[in-house]
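Under the working numbering, the sequence shown is numbered contiguously, ending at residue 282. Working notes for the structure below.
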Amino acid sequence: MPTLLSGRGLRARALRGTARRRGSVVNGADAPHVLVIAGSDRLAYSGLEADLRHLDAFGIAGWGVTTARTVQSLDGFVSMDAVDAGTLDTELEAAFETCPDAVKIGMLFGADVVDRVADRIALARPSVVLDPVLASSSGQPLIDDAGRSVLLSRLVPLARLVTPNLEELSLLVPDIEDPADAARALCDRGAQAVLVKGGHAEPASTVEDVLVMADDIVRWSGPRLPGVVPRGTGCALATVVAAGLARGAELVDAVEAARAAVARGIEAAMSRGTRLLVLEAT
């Protein structure tokens, strides 16, 4: 299991216990509510469908807004097209009628989509986990340069947490090589915290994730598991962090619990020989 190298003590209550809520009502009962704004994956290996599955596993009511439709096969990414502006506006308006306890943002496609999402977030001011999905695992760009620029200027300042992997971080902050320093640059743009995911570092026998906050840095390190990693691990991590925040967990606790849940899911998927990530609460 991953090992905490530095930072204050962590509590295992991140996804359990009595939660602070903002009054969301789902199916007639008071419950934490996470809104997912992301692209659709018909295979449910990643994207909106996978995020909603993960939230359900942790007892969180998940609502979705679709930004784009992707076509993916078992071998990888095929194509994508954006949801039309009118449909997106209607979905966003309906989704924010009941203010979510947290919002997880994934694939956004382009500048117009980013602007429309940022407008809604700026009005509602929920706790936002921004997973800057810039390219597919096969390298297919998922947002254009204009969209990336607007994401930096409008959504990063609204984020409670930004969760780039190393490749995404280098695209967002191309002029700074050190991951922790690059993360601080995103904090300087207004993000409250940045979690740099080190799983894409090659070649390396260990994986290190770094959480950079205004007044602290927490590092986790663990051995790289041999074999083919399931798809959608980055999406899952951001989603489960959002679930923890929706329950009222402190950020470090929510990240710690999410990392542990995803690590268990990766090990289980590898043991079954599948690339479908299935998470379970403990």
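The C-beta atom is built at its ideal place from N, Cα and C for all residues, glycine as well.
Sub-7 angstroms separation of residue i and residue j beta-carbons
i, j, result
"L277", "G232", "yes"
"T206", "P223", "yes"
"Q72", "L43", "yes"
"A102", "S127", "yes"
"T67", "V113", "yes"
"G265", "L279", "yes"
"A31", "A61", "yes"
DSSP beta-bridge partners of residue i
i, result
"F77", "Q72"
"V34", "G62 and A102"
"E285", "Here the chain comprises residues numbered 1 to 282, so residue 285 is not present and cannot be evaluated."
"G222", "V207"
"I121", "According to DSSP, I121 bridges with nothing at all."
"L276", "DSSP lists no partner for L276."
"I143", "F109"
Cβ-based burial, residue i [other Cβ within 10 Å; buried from 16]
i, result
"R247", "buried"
"D253", "buried"
"L123", "exposed"
"S46", "buried"
"T239", "buried"
"L225", "exposed"
CB-CB length for residue i against residue j, believed under 8 angstroms
i, j, result
"V194", "V218", "The pair is not a contact, with the Cβ atoms about 11 angstroms apart (cut-off 8 angstroms)."
"A95", "V117", "Not quite, the Cβ-Cβ distance comes to about 10 angstroms (not below 8 angstroms), so this is no contact."
"I105", "L55", "Wrong, their Cβ atoms sit about 14 angstroms apart, outside the cutoff."
"L134", "L171", "5 angstroms"
Collapsed DSSP secondary structure at residue i in the structure displayed
i, result
"D41", "strand"
"A113", "Checking the sequence shown, residue 113 turns out to be Val, not Ala. Three-state DSSP puts V113 in a helix."
"I176", "coil"
"L130", "strand"
Chain B contact for residue i (CB, 7 angstroms cutoff)
i, result
"S221", "Absent from the structure: chain B. Only one protein chain is present."
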